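To start, the structure itself, in structure tokens.
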Amino acid sequence: MSKKILDIYDEYKIIPALQKHMLRVAAVASLICNNFNEPLPKNDIITACLLHDMANILKFKWDSLLEFLEPKGFHYWQNIQNKYKEKYGDDEHEATMKIIKELRLSNAVISLADQNSFSLICKHRDSRDINIKIVHYADGRVDPYGVVSYEERVDEAKKRYENHKLRIPETERQKLVICGKEIEKQIFAKCKIKPEYITNETVAPIISELRNFMIK
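Numbering-wise, the sequence shown is residues 129 to 344 according to the numbering used here.
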């Protein structure tokens with residue numbers, strides 16, 4: 129199987145805002161890979177980032193996302209959400225993994241996408257697997273509007289999930305945030321760039337290239 133990522137997004141009816149998010153995350157990861165001091169399985173990392181939130185429409189609360197629904201509008205995307213629930217169930221992570229397996233991707237990509245969970249971030253900090261650290265960190269540098277600092281991203285996520293049924297207790301959240309910051313240090317200790325170099329401006333040309341990325 130070999131398909132352009134934008135064709136996959138179209139096939140699975142991925143809402144444009146979610147497409148932008150995954151492209152930005154993949155661009156952040158790509159920038160890190162391009163400047164890393166050790167060889168990395170860049171294609172696996174980029175592929176996992178481009179697909180890591182494929183079923184996130186399942187958790188969308190429409191009242192806070194109305195600005196992202198045009199031009200097709202609320203009723204169109206609500207219908208897509210309902211179809212996702214019918215086919216894949218209510219859990220967005222499990223649904224994403226089902227989609228990635230449908231695409232018949234490598235076990236390495238499946239594993240990277242499967243482990244990209246905020247609750248596992250301290251486990252990743254203690255792991256020797258730099259690949260999952262990069263995937264997780266890249267996701268932790270992108271909010272709904274663009275590339276931000278790690279600190280800005282965790283603050284935004286705290287506000288966004290304040291009333292969510294799966295909200296993590298504050299003491300546990302703070303521990304996870306610290307682990308994420310330590311992962312940042314681990315990554316950039318082996319990188320030619322600093323975290324501050326990763327901005328909307330520096331990832332923009334990479335996003336343009338990734339629109340033609342082939343998923344294999």
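A virtual CB, placed ideally from N, CA and C, is assigned to each residue, including glycine. Since this is a predicted model, take the numbers as computed values, not measurements.
Which stretch, first to last residue, makes up the alpha helix (DSSP H) that contains residue i?
i: A145; result: 144-162
i: L186; result: Where L186 is concerned, there is no enclosing alpha helix (DSSP H), given that its DSSP letter is neither H nor E.
i: W205; result: 202-216
i: S247; result: From DSSP, S247 is part of no alpha helix (DSSP H); its letter is neither H nor E.
i: L233; result: No alpha helix (DSSP H) contains L233, which DSSP labels as neither H nor E.
i: I326; result: Taken as a continuous stretch (DSSP letters only), I326 belongs to no alpha helix (DSSP H), as it is neither H nor E.
i: D172; result: 170-179
i: K261; result: 258-267
Just to check my reading of the structure: residue i and residue j have Cβ atoms closer than 8 Å, yes? What is that Cβ distance to the nearest angstrom?
i: A157; j: A241; result: Contact flag wrong, Cβ pair sits at about 12 Å.
i: I238; j: I228; result: 6 Å
i: L146; j: N171; result: That pair is no contact at about 22 Å.
i: K261; j: N165; result: The pair is not a contact, with the Cβ atoms about 14 Å apart (cut-off 8 Å).
i: G274; j: R152; result: 7 Å
i: L159; j: I326; result: 6 Å
Is DSSP giving residue i helix, strand or coil here?
i: G274; result: strand
i: P333; result: helix
i: R281; result: helix
i: E198; result: coil
i: D219; result: coil
i: S239; result: helix
i: I136; result: helix
i: K141; result: coil
i: I227; result: helix
i: I296; result: coil
Is the shortest distance between the beta-carbon of residue i and the beta-carbons of chain C less than 8 Å?
i: I334; result: Of the protein chains in the structure, only one exists, and it is not chain C.
DSSP beta-bridge partners for residue i?
i: I343; result: K131
i: C319; result: F164
Nearest to residue i by CA position, among the options, is which residue?
i: G201; options: K211, W190, E329; result: W190
i: H252; options: P199, G274, K309; result: K309
i: A154; options: I143, C177, P167; result: C177
i: F196; options: P169, D271, I143; result: I143
i: V305; options: Y278, I315, D257; result: Y278
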